[in-house]
Ligand SMILES: *Cc1c(COP(=O)(O)O)cnc(C)c1O
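Residue numbers (UniProt numbering): 1 to 451.
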């Protein structure tokens, strides 16, 4: 039988994270403090992040040793399998080979624990007692709850209200791992109370929930803030995915022609893609493709500019692709892809033509997700169906061109908490929404003026 799954042994798990800042053709623009409009110093950011993580955030050091305590927890589900979707290939009648890295096997159901665990570890090392955070679809809140629990830290999660109501079992999971959770905007913070007064019917947004979590950390000395995407150190931690994939593909004697990931804040994509971008810069012939929803087209329709990371202007200002911090996303079902910004690292690499970006409407993505579930068995997260849709399109093109093609995509999570979205799709209740360019242009007038 043809090999359809490559597992690495625990002892073959990579022991280092890869920092692409060491090899990028152009460096990142510095983060700006939202109160002073001047470059933010590590001391200023130390109010909400520990120094050890800030070091990883700012350093050009190429490799970072993964602490043994983190490796020990990773070993609960890592190395994750690299699988070949032969049944999907057959369903498509394509000559292409489709491989996927299966990050859905983590206890929280996605790639997010790859950074939640080191985030909790480094904060514990720094003497912090509690972490505050936001969550959109609930994946990040779950992952951080699990991780803080392992290290004996408390955790407070502000969950976007609409998702809190739509996905009650994410709350149950977060409570099971011992964390507290509030629908955002909440009455727990000054910003939350202000948002509720200003926008009484708001479904909540990630931008608002981030403001609440940051305020919580700023006001409490023993509390830090933890972000599950976007930041450099988060992308760094996720590179364990791509480092494993390189080893697994080497065992198969394969190099991908195209590497694909969905992008919300950019972290699961970065995790698989950055090690491959290193190889591309060293001469590997590979395309790198980021996939986003047409309803939140940060990279394909947004601008590359300095913007606030949150609605309440408390988080650092960073240079990235953005739809504007005033963006209120339409209620698409891939909740994890609804952020107004993009990881500065991913944005810079798009600018430098090392990464291509494409957007798809949600119905085409669910269609691809359903095909995947019915051929491979695994029910993907709505976010992950964007990567699947792109992989399917690449495979169909290979068939039309009569060419072989090796496709590798990141299966960022499973969809077991997202069955209401599948119900809506199956009942024909989902529609596509293209975010209008005019709204992007309007939002530009609210961008901070830097430099
Ligand atoms: C959070 C999430 C995403 C989007 O976040 P990134 O930082 O862009 O990876 C994608 N897929 C799943 C399953 C998620 O939970």
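Virtual Cβ for every residue (Gly too), placed ideally from N, Cα, C.
Query: Contact test: residue 117 Cβ vs ligand 1 heavy atom, cutoff 7 Å; Result: no
Query: One or two residues paired with residue 380 in a DSSP bridge; Result: 414
Query: Beta-carbon separation (whole angstroms), residue 161 vs residue 184, contact threshold 8 Å; Result: 6 Å
Query: Buried or exposed (CB count within 10 angstroms, at least 16 for buried), residue 47; Result: exposed
Query: From 60, 82, 74, residue whose alpha carbon lies closest to that of residue 5; Result: 82
Query: Sub-8 Å separation of residue 416 and residue 109 beta-carbons; Result: yes
Query: Euclidean distance between Cα positions of residue 439 and residue 205; Result: 17 Å
Query: Proximity test, residue 262 beta-carbon vs ligand 1 heavy atom, cut-off 7 Å; Result: yes
Query: CA-to-CA distance, residue 190 to residue 69, given in whole angstroms; Result: 37 Å
Query: Which listed residue (142, 324, 225) has its alpha carbon closest to that of residue 129; Result: 225
Query: Cβ pair residue 311, residue 208 closer than 8 Å; Result: yes
Query: Nearest candidate by alpha-carbon position, reference residue 409, set 399, 383, 419; Result: 383
Query: Sequence ranges, alpha helix (DSSP H) only - wholly within the stretch 258-318, length at least 4; Result: 267-281, 298-301
Query: Which of helix, strand or coil DSSP assigns to residue 76; Result: coil
Query: Residue 406, DSSP secondary structure in three states; Result: strand
Query: Any non-hydrogen atom of ligand 1 within 7 Å of residue 112 CB; Result: yes
Query: Residue range of the unbroken alpha helix (DSSP H) whose run includes residue 140; Result: 139-150
Query: Segment contact, 8 Å Cβ cut-off, at least three pairs: the stretch 287-299 with the stretch 342-362; Result: yes
Query: Spatial distance of residue 223 from residue 147 (CA atoms); Result: 15 Å
Query: Residue 405 to residue 278 span [Cα, whole Å]; Result: 21 Å
Query: Residues that DSSP places opposite residue 64 in a beta bridge; Result: 17
Query: C-beta contact flag for residue 88 and residue 412 at 8 Å; Result: no
Query: Beta-bridge pairing of residue 101 - partner residues as DSSP gives them; Result: 82, 410
Query: Counterpart residues of residue 159 in DSSP-defined beta bridges; Result: 135, 183
Query: Identified DSSP bridge partners for residue 39; Result: 32
Query: Anticipated Cβ contact below 8 Å, residue 149 with residue 178, distance rounded; Result: 5 Å
Query: Check: residue 265 C-beta below 7 Å from any heavy atom of ligand 1; Result: yes
Query: Residue ranges of each alpha helix (DSSP H) within the stretch 204-259, 4 or longer; Result: 206-219, 232-238, 240-252
Query: Residue 368 CB to nearest heavy atom of ligand 1 below 7 Å; Result: no
Query: Burial state of residue 120 (16 or more Cβ within 10 Å); Result: buried
Query: With 16 other Cβ atoms within 10 Å as the buried cut-off, status of residue 187; Result: exposed
Query: DSSP three-state assignment for residue 24, whether helix, strand or coil; Result: coil
Query: Three-state secondary structure (DSSP) of residue 461; Result: Here the chain comprises residues numbered 1 to 451, so residue 461 is not present and cannot be evaluated.
Query: Contacting residues, own chain, Cβ-Cβ under 8 Å from residue 316 (five flanking each side not counted); Result: 31, 32, 33, 34, 40, 45, 309
Query: Collapsed DSSP secondary structure at residue 110 in the structure displayed; Result: strand
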